[in-house]
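Below is one structure, written out as structure tokens; comments come after it.
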Amino acid sequence: MQIVFFNEFISMIKRVLFILMALSIAIMPMTAQSKSEIKQVKKQAKTFAKERTKEGYQSLYPDDLVYLFEQYLYKARFGHVQIIGMYEGGNSKSLGQKGALNNALNEYATLMSSDIEGTIKSSESHVNGKELDEIMAAFRNNVSHTVKGELQECVILYRELRKKKYDFIIYCLIDHEAAHAAKMLAMNLALEELGLSQKYGDMVPDWID
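So the sequence shown is numbered by this note's numbering: it starts at 45 and just counts up by one.
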């Protein structure tokens with residue numbers, strides 16, 4: 045039992061480190077487009093494609109991988125939020141793809157929840173304790189659904205393992221404005237579900253940046 049738990053823990057750490065590494069490489073300041081910036085994006089796209097191919101991944105669809113990463117990285121640089129998910133050992137391609145997307149949404153929801161919880165605690169709304177925990181739990185559940193409808197699935201990679209198992213990585217984007225709207229909706233839905241709309245509804249714009 046301890047060995048299984050340890051393996052699952054190591055797998056989770058690997059996923060987190062991979063996503064952090066990908067984000068640190070891809071996120072760049074939103075500035076005016078220039079030839080040097082386009083050249084940098086193309087270079088990064090080639091690096092991404094080369095690394096993933098070396099790891100045994102290929103695109104789920106018959107598209108040029110460098111081109112897909114070019115489009116993804118360019119949008120990530122200019123006005124979009126990155127959401128990346130991984131899934132290991134799926135019994136089918138469809139399960140692997142769905143699992144990677146769900147993991148991306150869950151990790152994004154956790155990250156957003158942490159940021160918003162910090163904002164709420166530092167605000168003058170005086171929300172704390174069990175009430176805050178319930179609000180954030182409802183928000184996490186809702187934001188996964190509100191964000192999903194706005195996602196652009198840009199790059200979907202898979203590699204086939206032994207015994208017909210599949211690993212998947214999915215690179216998604218969401219427009220900053222759409223992400224903001226999705227978070228606002230998720231929080232308002234959370235307050236409504238908990239019967240707290242009248243008490244805290246006016247504070248939501250201050251909680252969501």
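For each residue, glycine too, the CB sits at the ideal point set by N, CA and C.
Worksheet entry | DSSP three-state assignment for PHE92, whether helix, strand or coil | Residue state, collapsed to three classes: helix.
Worksheet item: So, ALA287 versus ASN186, is the Cβ gap smaller than 8 Å?
Response: Because the chain is modelled from 45 through 253, residue 287 falls outside the range shown and cannot be assessed.
Discussion item. Taking the alpha carbon of THR190 as the reference point, which residue from HIS220, SER158, ALA230 and ILE214 has its own alpha carbon closest?
Written reply: Its Cα nearest to that of THR190, the residue ALA230 stands out among HIS220, SER158, ALA230 and ILE214.
Worksheet entry | Top-ranked residue by Cα proximity to ARG203, from GLY140, ALA182 and ALA222 | Comparing Cα-Cα distances from ARG203 to each of GLY140, ALA182 and ALA222, the minimum goes to GLY140.
Practice prompt. For LEU145, count neighbouring C-beta atoms within 10 Å of its own C-beta (all shown protein chains included) and say buried if the count is 16 or more, exposed if not.
Written response: Buried, because 16 or more other Cβ atoms sit within 10 Å of the Cβ of LEU145.
Fill in: Integer-rounded CB distance, given that ASP211 should sit under 8 Å from GLU151
With a beta-carbon spacing of about 16 Å, GLU151 and ASP211 fall beyond the 8 Å limit used to define contacts.
Practice prompt. Go ahead and pull the three-state DSSP assignment for HIS189.
Written response: HIS189 falls in the helix class under three-state DSSP.
Worksheet item: So LEU238 packs on ALA153, CB below 8 Å; how close in whole Å?
Response: Contact flag wrong, Cβ pair sits at about 17 Å.
Worksheet item: From the DSSP output, which residues share a beta bridge with GLU204?
Response: DSSP lists TYR210 as partners of GLU204.
Worksheet entry | Contacting residues, own chain, Cβ-Cβ under 7 Å from ALA93 (five flanking each side not counted) | Closer than 7 Å at Cβ, skipping near neighbours: LEU109, VAL110 and PHE113.
Item to complete: Less than 8 Å between the CB atoms is what I'm expecting for ALA148 and ILE214, so what's the real figure, rounded?
Response: The pair is a contact, with the Cβ atoms about 6 Å apart (cut-off 8 Å).
Worksheet item: When DSSP labels each residue in this structure, what does LEU176 get in the three-state scheme?
Response: In the structure shown, LEU176 sits in a helix (DSSP, three-state: H, G or I).
Discussion item. Need the endpoints of the beta strand (DSSP E) that GLY143 sits in, please.
Written reply: Per DSSP, GLY143 belongs to no beta strand (DSSP E); it is in the alpha helix (DSSP H), 137 to 166.
Item to complete: Can you tell me which of ARG96, HIS220 and LYS165 puts its alpha carbon nearest to the alpha carbon of VAL125?
Response: A check of alpha carbon separations from VAL125 across ARG96, HIS220 and LYS165 identifies HIS220 as the nearest.
Practice prompt. Note the first and the last residue of the continuous beta strand (DSSP E) segment covering GLU236.
Written response: Segment 220 to 237 is the alpha helix (DSSP H) holding GLU236; no beta strand (DSSP E) there.
Item to complete: Tell whether a beta-carbon distance below 8 Å holds between MET130 and SER157.
Response: Result no, Cβ atoms of MET130 and SER157 do not sit closer than 8 Å.
Worksheet item: Helix, strand or coil: how does DSSP classify MET72 here?
Response: For MET72, the predicted structure reports a pLDDT of 45, less than 50, and the residue's modelled location is therefore unreliable. A value from the coordinates is still provided. In this structure, MET72 counts as coil in the three-state DSSP scheme.
Worksheet entry | Close beta carbons around SER169, own chain, < 6 Å, minus the five adjacent residues each side | Result list for SER169: MET247, in chain order.
Item to complete: Would you kindly report the start and end of the unbroken alpha helix (DSSP H) that includes TYR111?
Response: For TYR111, the enclosing alpha helix (DSSP H) has its first and last residue at 109 to 121.
Discussion item. Looking only at its chain, what residues have a beta carbon closer than 8 Å to the beta carbon of PRO249, apart from the 5 residues adjacent to it on each side?
Written reply: If we look at PRO249 and ignore the five residues flanking it on each side, its Cβ neighbours are MET228.
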